[in-house]
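Engineer: In this note's numbering, the protein residues as written are 17 to 215. My structure is below; once you've seen it, I'll send some questions.
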């Protein structure tokens with residue numbers, strides 16, 4: 017999935033010569049923590065609420081400009097960047113957002129909250145249902161067997177994931193409908209380990 021589907025496209029931007037007070041007022045008014053800095057329609061930097069808070073002294077509020085505190089060469093991505101890659105960059109670089117830039121122009125911005133919302137949506141966390149955790153057998157076809165049992169019980173798989181933990185890779189199935197307890201009981205009877213139902 018590409019960041020283009022999840023990024024903020026209706027951007028609030030600021031110019032490099034704007035005052036710090038202006039930047040703070042814009043952030044407060046629009047409830048944002050990141051402002052792309054644009055000059056002649058080109059993206060030239062990024063200013064964050066954290067940057068502003070670190071730079072501010074009451075006596076300097078009137079003299080500092082956005083250009084004095086902005087990040088001049090922030091990490092950026094393109095519209096074609098995958099959500100996973102964007103999440104990895106944000107995690108590895110310990111940053112709060114990534115501007116989405118093409119040909120020097122900013123098209124959007126994706127924040128930690130946008131990525132979190134995307135993963136919650138993709139995993140179906142907010143949908144009604146249950147999650148079944150199970151450690152698959154070390155034989156070919158055990159994944160298909162678990163899926164078949166879930167479907168036979170009248171459940172629909174919303175999402176599936178896996179937690180990697182050595183040889184005991186737990187698979188997580190978020191389901192809708194059916195009887196999660198009956199599925200768990202059948203899986204246990206068939207010798208599957210680590211079977212848990214989380215409602």
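Where a beta carbon is used, it is the ideal one built from N, C-alpha and C, also for glycine. No experiment lies behind these values; they were computed from the predicted model shown.
Compare the C-alpha of residue 130 against each of 103, 32, 63 and 92 and name the closest.
Structural biologist: The residue you call residue 130 lines up with position 114 of the chain shown. Residue 130 has its Cα closest to that of 103, out of 103, 32, 63 and 92.
Engineer: Assuming the contact rule is C-beta atoms closer than 8 Å, residue 114 and residue 122 should be a hit. Round their C-beta distance to whole Å, please.
Structural biologist: In the chain shown, the residue the question calls residue 114 occupies position 98. In the chain shown, the residue the question calls residue 122 occupies position 106. Not really, about 11 Å apart at Cβ, beyond 8 Å.
Engineer: Exposed or buried, which one is residue 39 when buried takes at least 16 other CB atoms within 10 Å?
Structural biologist: Residue numbering aside, residue 39 sits at position 23 when the chain shown is read from its first letter. By the 10 Å Cβ count, residue 39 comes out buried.
Engineer: Quickly, what does DSSP pair residue 149 with across the bridge? List them, please.
Structural biologist: Walking along the chain shown from the start, residue 149 turns up at place 133. Residue 149 pairs with 188 and 212.
Engineer: For my contact list, residue 189 and residue 148 are in at a C-beta cut-off of 8 Å; report their separation, rounded to the angstrom.
Structural biologist: As a working note, residue 189 is residue 173 in the chain shown. As a working note, residue 148 is residue 132 in the chain shown. Indeed they touch by this definition, with Cβ atoms about 5 Å apart.
Engineer: Return the residue from the list 49, 32 and 19 that minimises the CA-CA distance to residue 58.
Structural biologist: Counting from 1 along the chain shown, the entry for residue 58 is found at position 42. Nearest option by C-alpha distance: 32.
Engineer: Less than 8 Å between the CB atoms is what I'm expecting for residue 192 and residue 172, so what's the real figure, rounded?
Structural biologist: Indexing the chain shown from 1 puts residue 192 at position 176. Indexing the chain shown from 1 puts residue 172 at position 156. About 5 Å; that satisfies the 8 Å criterion.
Engineer: So does the stretch 140-147 actually touch the stretch 81-92, counting three or more Cβ pairs closer than 8 Å?
Structural biologist: no
Engineer: May I ask you to list the residues that DSSP assigns as paired with residue 115?
Structural biologist: Your numbering for residue 115 matches position 99 in the chain shown. Paired residue(s): 125.
Engineer: By Cβ distance below 8 Å, which residues in the same chain neighbour residue 62 in space, the five residues on each side in sequence not counted?
Structural biologist: Here residue 62 refers to the residue found at position 46 when the chain shown is read from its first residue. The answer, listed in chain order, is 50, 51, 52, 53, 86, 87, 90, 113 and 115.
Engineer: DSSP three-state call for residue 34: helix, strand or coil?
Structural biologist: Residue mapping note: residue 34 aligns to position 18 of the chain shown, counting from 1. Of the three classes helix, strand and coil, the one that applies to residue 34 here is coil, per DSSP.
Engineer: So, at 7 Å on beta carbons, what are the nonlocal neighbours of residue 195 in its own chain, with the 5 sequence-adjacent residues on each side left out?
Structural biologist: As a first step, residue 195 must be located in the chain shown, where it is residue number 179. Answer for residue 195: 169, listed in chain order.
Engineer: Return helix, strand or coil for residue 175, following the three-state DSSP convention.
Structural biologist: In the chain shown, residue 175 corresponds to position 159, counting from 1. Three-state result, residue 175: strand.
Engineer: Of the choices 72, 126 and 101, whose alpha-carbon is the least far from that of residue 23?
Structural biologist: The residue given as residue 23 occupies position 7 in the chain shown. The candidate whose alpha carbon is nearest that of residue 23 is 126.
Engineer: So what does residue 50 bridge to, in DSSP terms?
Structural biologist: Your numbering for residue 50 matches position 34 in the chain shown. Answer by DSSP bridge pairing, in chain order: 64.
Engineer: In the structure shown, what three-state DSSP assignment does residue 204 receive?
Structural biologist: As a position in the chain shown, residue 204 is number 188, starting the count at 1. It is helical.
Engineer: Below 6 Å CB to CB, which residues in the same chain sit around residue 67 once its five sequence neighbours on both sides are set aside?
Structural biologist: Along the chain shown, one-based indexing puts residue 67 at 51. Excluding residues within five positions, the ones whose Cβ falls inside 6 Å are 85.
Engineer: Compute the Euclidean distance between the alpha carbons of residue 176 and residue 119, then round it to the nearest angstrom.
Structural biologist: For the purposes of this step, residue 176 is identified with residue 160 of the chain shown, where counting begins at 1. For the purposes of this step, residue 119 is identified with residue 103 of the chain shown, where counting begins at 1. Each residue's Cα considered, the two are about 37 Å apart.
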